[in-house]
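Novice: Would you mind keeping the following structure in view while I ask a few things?
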């Protein structure tokens, strides 16, 4: 034990010594490399544009392998179903499918009411689209079918095109329902065509314009719309049809006015046993015909009236589905193809519309149930659709006397998840005020202007806010962190110090037409030099000097003429003047001629004392103007993601303006695509070469310190654009 005790400290000491040695070696580690401007970097890395591939040739090729690849790409069930682990997944999918079907039955009946359709069409919309998505979808956990937001959007369309009353006369209920079914099914076909078309042209990125605050604010407002729309069923009221802006406000006011006319309600058994429909006039589901309906061609004459609403519904439905799909995919470690999801959802709506379904999407509540009850694949969705088929064919009569108030209660209960999103106001207030503004504008616009106009306004506002935020990025002057080649904002890092004689300027956003002027103004302001004033004063002094030179030349010419005239007069009067007198007159004339250059030099010296000393009389110092306290300006363009013509002109003008005040300009950290765009825009010329572009800020600073004057082989100024 004593030996072990003695060896222990020695081992610990040796270990500590080794650790300290490694730490010392780390401290001594440094790397040296030559300064790299863009020319040297291209030569060292052998930079060149990649060879162009003719993609259309690949598209036109036809082979067995290509056909198989296209089939597997657009029919994903052929990929995952043969590999389906029956032992591990089947039981979970079976239980999950049954659980989802139990939820989907009342929701299908209830959401049909939101769409303004007979309840049985909610069952159709819970069967056909679900089975189609089973074949073409890529998400394993989302539950496709009726959804409250989609249903209320469809309801606003059906009620506007097939209203309850026309010219103050009540329309026959059967005729009205048939017309609404025709409108909803045609709308579903058109929505499906939009989604399939966008998916085939790989337009899945369209959903990126719907940010999370926008989607959450929109779904919250839609939940409020749904809640208000169900009040007439809860209280058994007959309300007028309202559509368009402020329709929600009008509906709430009418509900409050007619609230004393509300009826007490029981459940299905009480409704059937006591005959509530006949005695009290309670609205019930009514007849649910057994069996499936035959396919019906869409009414193409309605396309022109439905195209705007169809596109809005297509985008909203896809945004909700892909958002949930990506959440589940990230949680369970698989990939969701956004373009194929567009195709799958589009085919679900397209084929469903032919079988008289209304547009569907992904249900949040059912998707959560499908995942939490053990669902592993879309087999769970297929099982739920088969259970709905059984109800349609055999068990539909059992729900004939179900009061619509019960369905309204089911809808309101299912809204609690979306209504809880009202707490987003507090979370966004703490996290990001701009996102909070998007949420509030989306919510208010959707409440006041209805679902379609609300979405349009919110998307436009969101894009405008992005433009405004890129117009006002963070501008900073960078300083070097001691003993490193790292440069950080001197206002944020107290140890970061500016390099003497060098200014390093950076913008946090790319420079383009919307913020190019802000970039130039911020640059001149942060540098602490009134560049425009110096340039204007320099021009004034140079112009004044030119005027003085012109006046002096005119004076010299006048003196020459006077001398010539006086010489001629003396010759004509004194013809016999001696040679000696003539010589004396010439000497006097020469003295007169020598006086005027002296006068000119005195005038010039009065305006600039340094002309006789400076090699160039047009410098700021020679003109008596203050000089900047730095000789080089470095533009950190690492945030530049693209270049437009306005950016090119702004950068050229920056080179011109700062060279006019004797400051050389360099650029650093440009990405290769940006360099290519600079070349394509003819930015580089005899005055601005790739020698002014460096691989890093540190390289540019080092070069600027070694060359405190402008680059010898480049002119001092370039033409301002």
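Numbering (the working numbering), first residue to last: 23 to 743. We put the beta carbon where it would ideally sit given N, CA and C, even for glycine. Predicted model only: the values in this text are computed from it and were never measured.
1. So, under 8 angstroms CB-CB, residue 658 and residue 527 are touching, yes? Tell me the CB distance rounded to an integer number of Å.
2. At which residues does the alpha helix (DSSP H) containing residue 109 begin and terminate?
3. Is it true that the CB of residue 401 sits closer than 9 angstroms to the CB of residue 111?
4. Just to confirm the assignment, what range does the beta strand (DSSP E) spanning residue 162 have?
5. Runs of 3 residues minimum, wholly inside the region 331–387: which ones carry the beta strand (DSSP E) assignment?
6. When DSSP builds the beta bridges, which residues end up paired with residue 686?
7. Starting from the C-beta of residue 120, find all residues in its chain whose C-beta is less than 8 angstroms away, skip the five residues before and the five after it, and write them out in chain order.
8. Of the choices 130, 648, 259, 649, whose alpha-carbon is the least far from that of residue 411?
9. So for residue 223, helix, strand or coil by DSSP?
10. Using 8 angstroms as the Cβ pair cut-off and three pairs as the minimum, do the region 145–152 and the region 423–435 touch?
11. Give the DSSP-derived three-state secondary structure of residue 643 in the structure shown.
12. Can you give the beta carbon distance from residue 380 to residue 216, rounded, assuming they're within the 8 angstroms contact cut?
13. In whole angstroms, what is the alpha-carbon distance linking residue 350 and residue 430?
14. Within 8 angstroms, do at least three Cβ pairs link the region 336–353 to the region 100–116?
15. For residue 66 and residue 701, I'd like the C-alpha separation in whole angstroms.
16. Taking one C-beta from the region 491–501 and one from the region 676–692 each time, how about it: are there three or more such pairs within less than 8 angstroms?
17. Alpha carbon to alpha carbon, how far is residue 357 from residue 240? Give it in angstroms, no decimals.
18. Starting from residue 534 and walking both ways along the alpha helix (DSSP H), at which residues does that stretch end?
19. Excluding the 5 residues preceding and the 5 following residue 635 in the sequence, name in chain order all residues of the same chain whose CB lies nearer than 7 angstroms to its CB.
20. Output the boundary residues of the beta strand (DSSP E) element that contains residue 476.
21. Going by Cα to Cα distance, which pick from 174, 533, 325, 163 is closest to residue 139?
22. In terms of residue numbering, what span does the beta strand (DSSP E) encompassing residue 497 cover?
23. Within 10 angstroms of the Cβ of residue 123, are there 16 or more other Cβ atoms? Answer buried if so, exposed if not.
24. State the beta-bridge partners of residue 525 as determined by DSSP.
25. Kindly give me the distance between the Cβ atoms of residue 384 and residue 166, rounded to whole angstroms, as I take these residues to be in contact under 8 angstroms.
26. Could you check what DSSP says for residue 511 in three-state terms: helix, strand or coil?
27. Using a Cβ-Cβ cut-off of 7 angstroms (strictly less than) and excluding sequence neighbours within five positions of residue 137, which residues of its own chain qualify?
28. Between which residues of its own chain and residue 184 is the CB-CB distance below 7 angstroms, once the five residues before and five after are set aside?
29. Mapping the DSSP letters down to three states, classify residue 239 as helix, strand or coil.
30. For residue 730, which of helix, strand or coil comes out of DSSP?
31. Contact between the region 225–244 and the region 152–166 is defined here as three or more beta-carbon pairs at a separation below 8 angstroms; is this criterion met?
32. Output needed for residue 439: all residues of its chain with C-beta closer than 7 angstroms, excluding positions within five of it in sequence on either side, in chain order.
33. Count the other CB atoms within 10 Å of the CB of residue 451; is the residue buried (16 or more) or exposed (fewer)?
34. Would you please state the rounded distance, in angstroms, between the beta carbons of residue 487 and residue 458? I believe it to be under 8 angstroms.
35. What does the alpha-carbon distance come out to for the pair residue 469 and residue 250?
36. Determine the extent of the alpha helix (DSSP H) in which residue 505 is found, giving its start and end residues.
Specialist: Reading off the structure:
1. On the chain shown, residue 658 is found 636 positions in, with the first residue counted as 1. On the chain shown, residue 527 is found 505 positions in, with the first residue counted as 1. About 7 angstroms separates the two Cβ atoms, so the contact holds.
2. Here residue 109 refers to the residue found at position 87 of the chain shown. From DSSP, the alpha helix (DSSP H) with residue 109 extends over 108–136.
3. Mapped onto the chain shown, residue 111 falls at position 89. Mapped onto the chain shown, residue 401 falls at position 379. Judged by beta-carbon spacing, residue 401 lies within the 9 angstroms limit of residue 111, meaning their Cβ atoms are closer than that value.
4. For the purposes of this step, residue 162 is taken as the residue at position 140 of the chain shown. Taken as a continuous stretch (DSSP letters only), residue 162 belongs to no beta strand (DSSP E), as it is neither H nor E.
5. Counting whole runs of 3 or more residues, the region 331–387 contains the beta strand (DSSP E) stretches 383–385.
6. Your numbering for residue 686 matches position 664 in the chain shown. Partner residues in the beta bridge of residue 686, as assigned by DSSP, are 654.
7. In the chain shown, the residue the question calls residue 120 occupies position 98. Closer than 8 angstroms at Cβ, skipping near neighbours: 405, 406, 409.
8. For the purposes of this step, residue 411 is identified with residue 389 of the chain shown, where counting begins at 1. That would be 130, whose Cα lies nearest to the Cα of residue 411.
9. The residue labelled residue 223 in the question sits at position 201 within the chain shown. Note: residue 223 maps to coil in three-state DSSP.
10. Judged by pairs of C-beta atoms under 8 angstroms, the region 145–152 does not touch the region 423–435, as fewer than three such pairs exist.
11. Walking along the chain shown from the start, residue 643 turns up at place 621. Judged by DSSP in its simplified three-state form, residue 643 adopts coil rather than helix or strand.
12. On the chain shown, position 358 is the one that residue 380 refers to. On the chain shown, position 194 is the one that residue 216 refers to. Between residue 216 and residue 380 the Cβ distance is about 15 angstroms, and since that is not below 8 angstroms, they are no contact.
13. Sequence index remark: in the chain shown, residue 350 carries index 328 (1-based). Sequence index remark: in the chain shown, residue 430 carries index 408 (1-based). Each residue's alpha carbon lies about 29 angstroms from the other.
14. Contact between the region 100–116 and the region 336–353 is absent: fewer than three C-beta pairs spanning the two stretches fall below 8 angstroms.
15. Sequence index remark: in the chain shown, residue 66 carries index 44 (1-based). Sequence index remark: in the chain shown, residue 701 carries index 679 (1-based). Going from the Cα of residue 66 to the Cα of residue 701 covers about 19 angstroms.
16. The answer is no - the region 676–692 does not touch the region 491–501, with fewer than three Cβ pairs under 8 angstroms.
17. Sequence index remark: in the chain shown, residue 240 carries index 218 (1-based). Sequence index remark: in the chain shown, residue 357 carries index 335 (1-based). Going by the C-alpha atoms only, they are around 26 angstroms apart.
18. Locating residue 534 in the chain shown gives position 512, counting from the first residue. Taken as a continuous stretch (DSSP letters only), residue 534 belongs to no alpha helix (DSSP H), as it is neither H nor E.
19. By 1-based counting over the chain shown, the position of residue 635 is 613. Per-residue confidence for residue 635 stands at a pLDDT of 38, beneath the threshold of 50, marking its modelled position as unreliable; the derived number appears in the next sentence. Excluding its 5 nearest sequence neighbours in each direction, residue 635 has no C-beta neighbour in its own chain below 7 angstroms.
20. Translated into positions along the chain shown, residue 476 becomes position 454. Unbroken run through residue 476 is the alpha helix (DSSP H), 473–493; no beta strand (DSSP E).
21. Here the question's residue 139 lines up with position 117 in the chain shown. Here the closest residue by C-alpha is 174.
22. Sequence index remark: in the chain shown, residue 497 carries index 475 (1-based). Boundaries of the beta strand (DSSP E) around residue 497: 497–502.
23. Position 101 of the chain shown, counted from the first residue, corresponds to residue 123. Taking a 10 Å sphere around the C-beta of residue 123, we find 16 or more other C-beta atoms and assign the residue as buried.
24. If you number the chain shown from 1, residue 525 lands on position 503. Answer is 655, bridged to residue 525.
25. Here residue 384 is taken as the residue at index 362 of the chain shown, counted from 1. Here residue 166 is taken as the residue at index 144 of the chain shown, counted from 1. The pair is a contact, with the Cβ atoms about 6 angstroms apart (cut-off 8 angstroms).
26. In the chain shown, counting from the first residue as 1, residue 511 sits at position 489. Strand, per DSSP.
27. If you number the chain shown from 1, residue 137 lands on position 115. In its chain, beyond the 5 residues on either side, 173, 176, 177, 180, 206, 380 have a beta carbon closer than 7 angstroms to the beta carbon of residue 137.
28. Counting from one through the chain shown, the residue named residue 184 turns up at place 162. Same-chain partners within the cutoff: 198, 201, 202, 205.
29. Along the chain shown, one-based indexing puts residue 239 at 217. For residue 239, the three-state secondary structure derived from DSSP is helix.
30. For this step, residue 730 is matched to residue 708 along the chain shown. Three-state result, residue 730: coil.
31. Verdict: no, contact absent.
32. Residue mapping note: residue 439 aligns to position 417 of the chain shown, counting from 1. Closer than 7 angstroms at Cβ, skipping near neighbours: 386, 387.
33. Taking the first residue of the chain shown as 1, we reach residue 451 at position 429. The residue is exposed, with fewer than 16 neighbouring Cβ atoms inside 10 Å.
34. Locating residue 487 in the chain shown gives position 465, counting from the first residue. Locating residue 458 in the chain shown gives position 436, counting from the first residue. So it is not a contact: roughly 11 angstroms between Cβ atoms.
35. Along the chain shown, read from residue 1 onward, the residue named residue 469 stands at position 447. Along the chain shown, read from residue 1 onward, the residue named residue 250 stands at position 228. Answer to the nearest angstrom: the Cα atoms are 11 angstroms apart.
36. Against the chain shown, residue 505 aligns to sequence position 483. Going by DSSP, residue 505 is part of no alpha helix (DSSP H) at all; its letter is neither H nor E.
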